[in-house]
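> Please find one structure pasted underneath; my questions will follow.
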Amino acid sequence: FVASYGAYAAVISFLLMVLQSIIAPLPAFLITFANAALFGFWKGALLSWSSAMTGAALSFFIARAFGREFVEKLSSKGALNQIFKRHGKQSILIARLLPFVSFDIVSYAAGLSGMSFWGFFIATGVGQTPATLVYSYVGGFLTGGAKWLVTGLMILFALGFMIALGKQLYEERSKKKEQAK
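Here is the structure:
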């Protein structure tokens, strides 16, 4: 998909990663793999890292500008806010190192906390670097059948994620309708 944009492929990939960071319709590692496969290890890693940093900063500022109620509509509630208040940059760094922790929720929660932007930004940059390099390294070596296999698995993962998310949203809305009656 991204390659079909030719000279604008890097711009499209950058925008997809930023969009992923803000509303999370797609896991970031899928875009990181694609970037490495399309642009090579170093260019793909730099593109993935810089676009994820841009998305994280936007999420942080969205939280600051629009507040808790708006952010809770975009992301699920959690205890992250309290953790960030107590442990600040260290908690951001650790959250970025863990691949199963939602990128956008961490950014939003940090934006709602009293943490400084630059502390958040530096911890995010350092914390996401190892995963970006690993995903880019692996993505850069995918060719032929392995590339198609990983691409298929990533698509299945993304579809499964989106279906599970849709189901959860449907159940939450149904529950609210029942409570309103």
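Residue numbers (the working numbering): 435 to 615.
Heads up, the beta-carbon is just placed ideally off N, CA and C, and yes, glycines get one too.
Rounded to a whole number of angstroms, what is the C-alpha to C-alpha distance between Ile556 and Ala614?
Along the sequence shown, read from residue 1 onward, the residue named residue 556 stands at position 122. Along the sequence shown, read from residue 1 onward, the residue named residue 614 stands at position 180. Using only the alpha carbons, I get a separation of about 44 Å.
> Can you round the beta-carbon distance between Phe494 and Gly545 to whole angstroms, since I take them to be within the 8 Å contact cut?
Here residue 494 is taken as the residue at index 60 of the sequence shown, counted from 1. Here residue 545 is taken as the residue at index 111 of the sequence shown, counted from 1. That belief holds up - the Cβ atoms of Phe494 and Gly545 are roughly 4 Å apart, short of 8 Å.
> Would you check if there are 3 or more beta carbon pairs closer than 8 Å linking the stretch 474-481 to the stretch 498-505?
no
> Suppose you measure from the CA of Ser541 to the CA of Lys611; what does that come to, to the nearest Å?
Residue numbering aside, residue 541 sits at position 107 when the sequence shown is read from its first letter. Residue numbering aside, residue 611 sits at position 177 when the sequence shown is read from its first letter. Distance between the alpha carbons of Ser541 and Lys611: 30 Å.
> Taking C-beta to C-beta, are Asp618 and Gln454 nearer than 9 Å?
The chain is shown from 435 up to 615; residue 618 falls before or after that span and cannot be answered.
> Identify, in the order they occur along the chain, each residue of the same chain with its Cβ nearer than 7 Å to the Cβ of Phe551, setting aside the five sequence neighbours on each side.
Within the sequence shown, the letter at position 117 stands for residue 551. Taken in chain order, the residues that qualify are Phe494.
> Please state whether DSSP places Gly474 in a helix, a strand or coil.
Taking the first residue of the sequence shown as 1, we reach residue 474 at position 40. Three-state result, Gly474: coil.
> Mark Ser547 as exposed unless 16 or more other C-beta atoms lie within 10 angstroms of its C-beta, in which case mark it buried.
Residue numbering aside, residue 547 sits at position 113 when the sequence shown is read from its first letter. Of the residues assessed, Ser547 falls on the buried side of the cut-off, its CB having 16 or more other CB atoms within 10 angstroms.
> When burial is assigned at 16 or more other CB atoms within 10 Å of the CB, is Val445 buried or exposed?
On the sequence shown, residue 445 is found 11 positions in, with the first residue counted as 1. By the 10 Å Cβ count, Val445 comes out exposed.
> Can you give me the C-alpha to C-alpha distance between Ala462 and Met451, rounded to a whole angstrom?
Within the sequence shown, residue 462 is the residue found at index 28, counting from 1. Within the sequence shown, residue 451 is the residue found at index 17, counting from 1. Straight-line Cα distance between these residues: approximately 7 Å.
> Taking just the CA atoms, how far does Thr466 sit from Tyr569?
Locating residue 569 in the sequence shown gives position 135, counting from the first residue. Locating residue 466 in the sequence shown gives position 32, counting from the first residue. For Tyr569 and Thr466, the distance between alpha carbons rounds to 6 Å.
> Secondary structure at Lys615, three-state DSSP: helix, strand or coil?
Mapped onto the sequence shown, residue 615 falls at position 181. Reduced to three states, the DSSP call for Lys615 is coil.
> Helix or strand or just coil, what does DSSP make of Ser485?
Counting from 1 along the sequence shown, the entry for residue 485 is found at position 51. It is helical.
> For Tyr439, which residues in the same chain have their Cβ closer than 6 Å to its Cβ, ignoring the five residues on either side in sequence?
As a first step, residue 439 must be located in the sequence shown, where it is residue number 5. Hits under 6 Å: Ile446.
> For the candidate residues Ser608, Val572 and Trp483, whose alpha-carbon lies nearest to that of Phe448?
The sequence position of residue 448 within the sequence shown is 14, counting from 1. Cα-wise, what sits closest to Phe448 is Trp483.
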